[in-house]
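Per my numbering, residue 7 is the first one in the sequence shown, and the count goes up by one each step.
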Amino acid sequence: MELILMIVAIGVMYYLYNVLTEYLQNEDNDRLFRYGRGEGEMPIMEIKVRPIEQSEFEKLQSSEYGTIMAILGYVANADGEVCVLEKQMAYAVSEDMLGDTKNKTENTLAYYRQIFDESTNDADIQTLCQRFQDFTKGEYKKRLKVLEFCFAMGFADGVLNEKTQEAILDVGSFLDIANEDFNRIYQEFSQQNEVEVGEAEAKEILQLQGGEGQEEIAQRYKECVSKAKQNILDETQSSPASERLDHLRKIQKSYELLSKSHQNDN
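Below, the structure is given as structure tokens:
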């Protein structure tokens, strides 16, 4: 008798399961089952997950321009020391980026520069380059300009040291730069000559009359670097980066000479 009752119970449960399954296949019935009938009632089975919002800094870090700044920082910091001209060149690039950034805030420029400063030779350069490749599919010239700028920073003080050269090799490899292009750019930069300027030429280069204070000398230096450096965001810029570097090094020498002269006068 007990066996018969058990069989009947199982049969009833199976029947009810089939009825409920068929009932819930109707979207309206499923909605009623989940949310109930009363207006304004909280869902019975719904779990809301609030998405994690990225900060402005995190958004810039993962953006195309933030990725460029991180790559430049990796190269500049490769030898553990960023020279004045390297840093000023990268900071000038961040100003170009600021002008082309949507939804910018008063912190945007500082964040771009922070990304550069904090990107050391411990950075995952392969991941950074892969991300930049994803941003620039079919835009080989963009990747080429970034590599040129890396060389410009590497030769900023006149000598490309071994660690910086290795870092640039990493960038060229991970950005899939053709060997002939890489070697051509290297040859252009390696032919740079020693730069010397006199005081009269230094004033002319920085467009100073003489007698200016250190603050004004520094301001003119930054403005001149910003104008002379390669704009890696502008694919129409035709002047070779190696030629621009020659002038940038003259600007640097002029700044050092006039700054030293000002200190001696005081």
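Built from N, CA and C at the ideal position, the CB exists for glycine as well.
Cα-Cα separation between residue i and residue j, rounded to whole angstroms
i: residue 124; j: residue 100; result: 14 Å
i: residue 144; j: residue 85; result: 32 Å
i: residue 237; j: residue 68; result: 21 Å
i: residue 109; j: residue 62; result: 10 Å
i: residue 270; j: residue 229; result: 24 Å
i: residue 168; j: residue 88; result: 14 Å
i: residue 192; j: residue 140; result: 25 Å
i: residue 91; j: residue 98; result: 10 Å
i: residue 253; j: residue 212; result: 11 Å
i: residue 111; j: residue 147; result: 29 Å
i: residue 265; j: residue 59; result: 46 Å
Under 8 Å between C-beta atoms of residue i and residue j
i: residue 164; j: residue 255; result: yes
i: residue 96; j: residue 82; result: yes
i: residue 160; j: residue 170; result: yes
i: residue 263; j: residue 205; result: yes
i: residue 121; j: residue 176; result: no
i: residue 149; j: residue 183; result: yes
i: residue 267; j: residue 194; result: no
i: residue 117; j: residue 66; result: yes
i: residue 151; j: residue 203; result: no
i: residue 239; j: residue 102; result: yes
Which of helix, strand or coil DSSP assigns to residue i
i: residue 121; result: helix
i: residue 214; result: coil
i: residue 185; result: helix
i: residue 68; result: coil
i: residue 162; result: coil
i: residue 253; result: helix
i: residue 129; result: coil
i: residue 270; result: helix
i: residue 108; result: coil
i: residue 35; result: Here residue 35 scores only 49 on pLDDT, less than 50, and its place in the model is too uncertain to base an answer on.
i: residue 230; result: helix
i: residue 172; result: helix
i: residue 219; result: coil
i: residue 178; result: helix
i: residue 114; result: helix
i: residue 79; result: helix
i: residue 259; result: helix
i: residue 191; result: helix
i: residue 97; result: helix
Residue of the options minimising C-alpha distance to residue i
i: residue 138; options: 259, 73 and 233; result: 73
i: residue 93; options: 104, 80 and 265; result: 80
i: residue 119; options: 129, 104 and 128; result: 104
i: residue 201; options: 157, 261, 266 and 186; result: 261
i: residue 153; options: 174, 248 and 113; result: 174
i: residue 214; options: 185, 129, 172 and 257; result: 257
i: residue 155; options: 188, 209 and 107; result: 188
i: residue 190; options: 221, 113 and 157; result: 157
i: residue 181; options: 224, 216 and 135; result: 135
i: residue 133; options: 70, 241, 222 and 265; result: 70
i: residue 198; options: 221, 166, 210 and 186; result: 166
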